[in-house]
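Mapping of the sequence shown onto mature numbering (1 follows the signal peptide of the UniProt record, and there is no 0): residues -20 to -1, 1 to 264, in sequence order.
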Amino acid sequence: MKWQKMVLGALLTLSLQAGAAQKPVDVTIGVAGSEDAYWKVLAQKAKAENINIKLISFSDYALPNKALASGDVDLNAFQHLAFLSQFNVNNQLTIVPIGATQIVPMALYSEKYRALADIPQGAQIALPNDPSNQGRALNVLQSSGLLKLKDGAGLHATPDDIIENPRKLKILPVVAQQTPRVLADVAASVVNQGVAVDAGLPADKILFQDDPTAPSALPYVNVFAAREKDKDNPVYQRIVALYHQPDVIAAVKEDTKGVAVVVALPAKDLQDKLKLLEDDLRKQ
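Right, here's the structure in full:
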(Lines of atoms letter the chains of each structure in order from A and count residues from 1; the text may use other names and numbers.)
(Lines give C-alpha, C1' and ligand atoms only; values in the text may rest on other atoms or scores of the structure.)
Protein backbone atom coordinates (compact mmCIF):
# COMPACT_ATOMS: atom_id res chain seq x y z
CA MET A 1 0.00 0.00 0.00
CA LYS A 2 1.36 3.39 -0.92
CA TRP A 3 1.79 6.25 1.53
CA GLN A 4 -0.89 8.28 -0.22
CA LYS A 5 -3.44 5.59 0.68
CA MET A 6 -2.06 5.07 4.16
CA VAL A 7 -2.36 8.71 5.13
CA LEU A 8 -5.63 9.55 3.39
CA GLY A 9 -7.72 8.83 6.44
CA ALA A 10 -5.40 10.85 8.63
CA LEU A 11 -5.49 13.75 6.20
CA LEU A 12 -9.28 13.72 6.27
CA THR A 13 -9.47 13.58 10.05
CA LEU A 14 -6.67 16.02 10.84
CA SER A 15 -8.31 19.04 12.44
CA LEU A 16 -7.57 22.31 10.69
CA GLN A 17 -10.25 24.23 12.50
CA ALA A 18 -8.55 24.87 15.85
CA GLY A 19 -9.02 28.36 17.22
CA ALA A 20 -6.37 31.03 17.00
CA ALA A 21 -4.16 31.77 19.97
CA GLN A 22 -5.89 34.39 22.13
CA LYS A 23 -2.67 36.21 23.02
CA PRO A 24 0.51 36.58 20.93
CA VAL A 25 2.90 33.71 21.60
CA ASP A 26 6.44 33.16 20.32
CA VAL A 27 7.50 29.70 19.13
CA THR A 28 11.10 28.94 18.18
CA ILE A 29 11.63 26.02 15.78
CA GLY A 30 15.01 24.42 15.14
CA VAL A 31 15.70 23.33 11.56
CA ALA A 32 18.75 21.92 9.77
CA GLY A 33 20.34 23.52 6.75
CA SER A 34 18.64 26.20 4.71
CA GLU A 35 15.38 27.82 5.76
CA ASP A 36 13.09 26.77 2.91
CA ALA A 37 10.58 29.28 1.60
CA TYR A 38 7.61 27.19 2.73
CA TRP A 39 8.46 28.14 6.31
CA LYS A 40 7.60 31.73 5.42
CA VAL A 41 4.18 30.62 4.22
CA LEU A 42 3.64 28.70 7.45
CA ALA A 43 4.89 31.62 9.54
CA GLN A 44 2.51 34.04 7.82
CA LYS A 45 -0.46 31.78 8.50
CA ALA A 46 0.61 31.35 12.11
CA LYS A 47 1.09 35.09 12.58
CA ALA A 48 -2.52 35.65 11.53
CA GLU A 49 -3.41 33.57 14.59
CA ASN A 50 -1.04 35.44 16.94
CA ILE A 51 1.63 32.73 16.76
CA ASN A 52 5.05 34.21 16.00
CA ILE A 53 7.35 31.55 14.54
CA LYS A 54 11.11 32.07 14.68
CA LEU A 55 13.42 29.63 12.91
CA ILE A 56 16.86 28.71 14.22
CA SER A 57 19.00 26.97 11.58
CA PHE A 58 21.65 24.44 12.63
CA SER A 59 24.48 23.15 10.46
CA ASP A 60 24.91 19.88 12.37
CA TYR A 61 22.18 17.25 12.79
CA ALA A 62 23.30 16.62 16.36
CA LEU A 63 22.39 20.13 17.49
CA PRO A 64 18.61 20.68 17.02
CA ASN A 65 17.70 17.92 19.48
CA LYS A 66 20.21 19.16 22.03
CA ALA A 67 18.77 22.65 21.68
CA LEU A 68 15.27 21.27 22.17
CA ALA A 69 16.22 19.23 25.22
CA SER A 70 17.93 22.25 26.81
CA GLY A 71 15.00 24.57 26.12
CA ASP A 72 16.82 26.75 23.59
CA VAL A 73 14.08 26.00 21.04
CA ASP A 74 10.44 25.03 21.54
CA LEU A 75 10.15 22.57 18.65
CA ASN A 76 12.31 21.18 15.92
CA ALA A 77 11.49 19.93 12.45
CA PHE A 78 14.43 18.30 10.70
CA GLN A 79 14.50 14.57 11.48
CA HIS A 80 12.71 11.32 10.80
CA LEU A 81 11.58 8.80 13.39
CA ALA A 82 14.58 6.52 12.89
CA PHE A 83 16.98 9.38 13.64
CA LEU A 84 14.97 10.51 16.66
CA SER A 85 14.83 7.00 18.10
CA GLN A 86 18.61 6.67 17.88
CA PHE A 87 19.13 10.07 19.49
CA ASN A 88 16.74 9.36 22.37
CA VAL A 89 18.31 5.99 23.14
CA ASN A 90 21.88 7.26 22.89
CA ASN A 91 21.19 10.30 25.07
CA GLN A 92 18.54 8.87 27.42
CA LEU A 93 16.04 11.54 26.40
CA THR A 94 12.30 11.50 25.71
CA ILE A 95 11.83 13.90 22.82
CA VAL A 96 8.54 13.01 21.13
CA PRO A 97 6.95 13.53 17.70
CA ILE A 98 3.78 15.64 17.77
CA GLY A 99 3.03 15.60 14.04
CA ALA A 100 4.35 14.48 10.69
CA THR A 101 5.75 16.82 8.06
CA GLN A 102 7.08 15.07 4.97
CA ILE A 103 9.05 12.13 3.67
CA VAL A 104 11.69 12.28 0.95
CA PRO A 105 13.56 9.62 -1.00
CA MET A 106 17.20 8.76 -0.48
CA ALA A 107 19.17 8.47 -3.70
CA LEU A 108 22.56 7.45 -5.06
CA TYR A 109 24.07 10.36 -7.00
CA SER A 110 27.10 10.46 -9.26
CA GLU A 111 28.83 13.20 -11.20
CA LYS A 112 31.13 10.70 -12.93
CA TYR A 113 28.90 7.82 -14.00
CA ARG A 114 25.53 7.60 -15.75
CA ALA A 115 24.49 4.10 -14.69
CA LEU A 116 25.04 1.65 -11.84
CA ALA A 117 26.80 -0.70 -14.23
CA ASP A 118 29.46 1.96 -14.88
CA ILE A 119 30.68 2.09 -11.27
CA PRO A 120 34.10 0.37 -11.34
CA GLN A 121 35.82 -2.10 -9.05
CA GLY A 122 37.19 -0.52 -5.89
CA ALA A 123 35.16 2.68 -6.30
CA GLN A 124 34.52 4.84 -3.26
CA ILE A 125 30.88 5.43 -2.22
CA ALA A 126 30.02 8.13 0.32
CA LEU A 127 27.04 7.91 2.65
CA PRO A 128 25.81 9.63 5.84
CA ASN A 129 27.64 8.70 9.01
CA ASP A 130 24.80 9.04 11.53
CA PRO A 131 23.42 5.58 12.39
CA SER A 132 19.85 5.94 11.13
CA ASN A 133 20.67 7.58 7.80
CA GLN A 134 23.67 5.29 7.32
CA GLY A 135 21.42 2.26 7.76
CA ARG A 136 18.97 3.61 5.22
CA ALA A 137 21.79 4.41 2.79
CA LEU A 138 23.20 0.89 3.03
CA ASN A 139 19.74 -0.50 2.32
CA VAL A 140 19.58 1.77 -0.75
CA LEU A 141 22.87 0.27 -1.94
CA GLN A 142 21.52 -3.21 -1.29
CA SER A 143 18.31 -2.46 -3.21
CA SER A 144 20.40 -1.16 -6.10
CA GLY A 145 22.23 -4.50 -6.28
CA LEU A 146 25.66 -3.06 -5.52
CA LEU A 147 26.06 -5.03 -2.29
CA LYS A 148 24.26 -7.36 0.09
CA LEU A 149 23.69 -7.02 3.83
CA LYS A 150 23.39 -9.85 6.31
CA ASP A 151 19.89 -10.95 7.25
CA GLY A 152 18.44 -8.88 10.06
CA ALA A 153 20.73 -5.88 9.53
CA GLY A 154 17.60 -3.75 9.32
CA LEU A 155 17.27 -0.01 9.74
CA HIS A 156 20.52 0.41 11.63
CA ALA A 157 22.82 -1.53 9.35
CA THR A 158 26.51 -0.61 9.39
CA PRO A 159 29.32 -1.28 6.91
CA ASP A 160 30.21 -4.29 9.10
CA ASP A 161 26.92 -5.87 8.01
CA ILE A 162 28.01 -6.07 4.35
CA ILE A 163 28.39 -9.76 3.41
CA GLU A 164 28.65 -9.45 -0.37
CA ASN A 165 30.54 -6.67 -2.12
CA PRO A 166 31.41 -8.02 -5.58
CA ARG A 167 32.92 -4.74 -6.78
CA LYS A 168 34.91 -4.27 -3.57
CA LEU A 169 33.38 -0.85 -3.09
CA LYS A 170 34.96 1.34 -0.42
CA ILE A 171 32.39 2.91 1.90
CA LEU A 172 33.12 6.46 3.06
CA PRO A 173 30.88 7.68 5.92
CA VAL A 174 30.61 11.49 6.10
CA VAL A 175 28.37 14.02 7.85
CA ALA A 176 24.97 13.96 6.11
CA GLN A 177 25.23 17.56 4.92
CA GLN A 178 28.59 16.74 3.31
CA THR A 179 27.24 13.93 1.10
CA PRO A 180 26.59 16.27 -1.87
CA ARG A 181 29.86 18.15 -1.39
CA VAL A 182 32.09 15.10 -1.76
CA LEU A 183 30.66 14.06 -5.14
CA ALA A 184 33.70 15.39 -6.98
CA ASP A 185 35.95 13.11 -4.94
CA VAL A 186 34.00 9.83 -5.00
CA ALA A 187 32.36 7.58 -7.56
CA ALA A 188 28.93 8.16 -6.04
CA SER A 189 27.26 9.39 -2.88
CA VAL A 190 24.02 8.42 -1.15
CA VAL A 191 22.17 11.64 -0.37
CA ASN A 192 18.89 12.32 1.39
CA GLN A 193 16.75 14.20 -1.11
CA GLY A 194 16.08 17.01 1.31
CA VAL A 195 19.83 17.61 1.50
CA ALA A 196 20.08 17.17 -2.28
CA VAL A 197 17.48 19.86 -2.95
CA ASP A 198 19.27 22.29 -0.61
CA ALA A 199 22.51 21.56 -2.49
CA GLY A 200 20.88 22.02 -5.89
CA LEU A 201 21.75 18.54 -7.13
CA PRO A 202 20.07 17.84 -10.49
CA ALA A 203 17.80 14.82 -10.83
CA ASP A 204 19.72 13.57 -13.87
CA LYS A 205 22.63 12.69 -11.55
CA ILE A 206 20.54 10.05 -9.76
CA LEU A 207 21.58 6.46 -10.42
CA PHE A 208 19.06 4.86 -8.05
CA GLN A 209 16.62 5.86 -5.29
CA ASP A 210 14.33 4.19 -2.78
CA ASP A 211 10.54 4.51 -2.71
CA PRO A 212 9.39 7.03 -0.06
CA THR A 213 5.75 5.94 -0.43
CA ALA A 214 6.33 2.30 0.51
CA PRO A 215 4.87 1.17 3.88
CA SER A 216 8.38 0.19 4.97
CA ALA A 217 9.31 3.87 4.77
CA LEU A 218 7.35 4.81 7.93
CA PRO A 219 10.53 5.13 10.07
CA TYR A 220 11.71 7.81 7.65
CA VAL A 221 8.72 10.13 8.05
CA ASN A 222 9.98 13.54 9.18
CA VAL A 223 8.29 15.06 12.19
CA PHE A 224 7.73 18.06 14.39
CA ALA A 225 9.34 17.11 17.70
CA ALA A 226 8.79 18.53 21.19
CA ARG A 227 9.80 17.87 24.76
CA GLU A 228 7.53 15.22 26.28
CA LYS A 229 5.95 17.70 28.68
CA ASP A 230 4.87 19.83 25.71
CA LYS A 231 3.44 17.10 23.48
CA ASP A 232 -0.16 18.27 24.08
CA ASN A 233 0.56 22.00 23.82
CA PRO A 234 -2.37 23.39 21.77
CA VAL A 235 -0.27 26.09 20.11
CA TYR A 236 2.26 23.52 18.91
CA GLN A 237 -0.55 21.29 17.70
CA ARG A 238 -1.99 24.23 15.79
CA ILE A 239 1.34 24.74 14.01
CA VAL A 240 1.23 21.10 12.93
CA ALA A 241 -2.30 21.61 11.60
CA LEU A 242 -1.30 24.77 9.72
CA TYR A 243 1.57 22.89 8.07
CA HIS A 244 -1.01 20.63 6.43
CA GLN A 245 -3.12 23.37 4.90
CA PRO A 246 -3.18 23.43 1.08
CA ASP A 247 -1.09 26.56 0.52
CA VAL A 248 1.70 25.31 2.80
CA ILE A 249 1.63 21.89 1.12
CA ALA A 250 1.88 23.60 -2.27
CA ALA A 251 4.87 25.62 -1.04
CA VAL A 252 6.58 22.46 0.24
CA LYS A 253 6.15 20.80 -3.15
CA GLU A 254 7.47 23.87 -4.96
CA ASP A 255 10.47 24.26 -2.65
CA THR A 256 11.42 20.60 -2.93
CA LYS A 257 10.75 20.43 -6.67
CA GLY A 258 8.06 17.85 -6.07
CA VAL A 259 10.41 15.49 -4.25
CA ALA A 260 8.79 15.67 -0.80
CA VAL A 261 5.59 13.79 0.01
CA VAL A 262 3.67 15.67 2.72
CA VAL A 263 2.40 13.19 5.30
CA ALA A 264 -0.32 13.55 7.93
CA LEU A 265 -0.43 10.90 10.63
CA PRO A 266 -1.88 11.03 14.15
CA ALA A 267 0.66 11.97 16.81
CA LYS A 268 -0.12 8.78 18.74
CA ASP A 269 0.74 6.63 15.73
CA LEU A 270 4.06 8.42 15.40
CA GLN A 271 4.76 8.08 19.11
CA ASP A 272 3.88 4.37 19.05
CA LYS A 273 6.21 3.79 16.10
CA LEU A 274 8.97 5.72 17.85
CA LYS A 275 8.60 3.51 20.92
CA LEU A 276 8.92 0.37 18.79
CA LEU A 277 12.06 1.71 17.15
CA GLU A 278 13.56 2.63 20.51
CA ASP A 279 12.69 -0.77 21.98
CA ASP A 280 14.40 -2.48 19.04
CA LEU A 281 17.53 -0.40 19.58
CA ARG A 282 17.66 -1.23 23.28
CA LYS A 283 17.55 -4.94 22.45
CA GLN A 284 20.65 -4.71 20.27
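Backbone N, C-alpha and C fix where the C-beta goes; we use that ideal spot for every residue, glycine too.
Owing to the predicted nature of the structure, the values given are computational and were not obtained by experimental measurement.
D54 to A206, Cα distance in whole Å?
Going by the C-alpha atoms only, they are around 7 angstroms apart.
Under 7 angstroms Cβ to Cβ from N45, same chain only, skipping five residues before and after it: list those, please.
Closer than 7 angstroms at the Cβ level, and outside the excluded window around N45, lie N56, F67 and I75.
Work out the CA separation of A137 and K128 for me, nearest whole Å.
Approximately 11 angstroms, taken between the alpha carbons.
Assuming Y89 is part of the beta strand (DSSP E), what are its boundary residues?
Following the DSSP letters along the chain, one finds Y89 inside the beta strand (DSSP E) bounded by residues M86 to Y89.
Take V201 as the anchor and find which of D191, E29, E208 and K209 has the nearest alpha-carbon.
Nearest C-alpha to V201: D191.
State buried or exposed for Y216, treating a residue as buried only when at least 16 other CB atoms are found within 10 Å of its CB.
So Y216 ends up on the buried side.
Extent of the continuous beta strand (DSSP E) to which G10 belongs:
Residues V5 to A12.
Name, in chain order, the residues that DSSP records as bridge partners for Q59.
BP columns for Q59 point to V203.
Quick one: measure Cβ to Cβ for Y41 and A179, integer angstroms, because I've assumed they're closer than 8 angstroms.
In fact, because the Cβ distance is near 15 angstroms, the residues do not count as touching under 8 angstroms.
Helix, strand or coil for P111, going by three-state DSSP, please let me know.
It is helical.
So, helix, strand or coil for K34, using DSSP?
Residue state for K34 is assigned as strand, using DSSP reduced to three classes.
Could you give the DSSP three-state label for K237: helix, strand or coil?
Residue state, collapsed to three classes: coil.
Determine the extent of the beta strand (DSSP E) in which K150 is found, giving its start and end residues.
It spans K150 to V154 - the beta strand (DSSP E) in which K150 sits, taken as one unbroken run.
Would you call the segment 78 to 93 and the segment 117 to 132 touching, i.e. three or more CB-CB distances under 8 angstroms?
Between the segment 78 to 93 and the segment 117 to 132, the count of Cβ pairs shorter than 8 angstroms is three or higher; the stretches touch.
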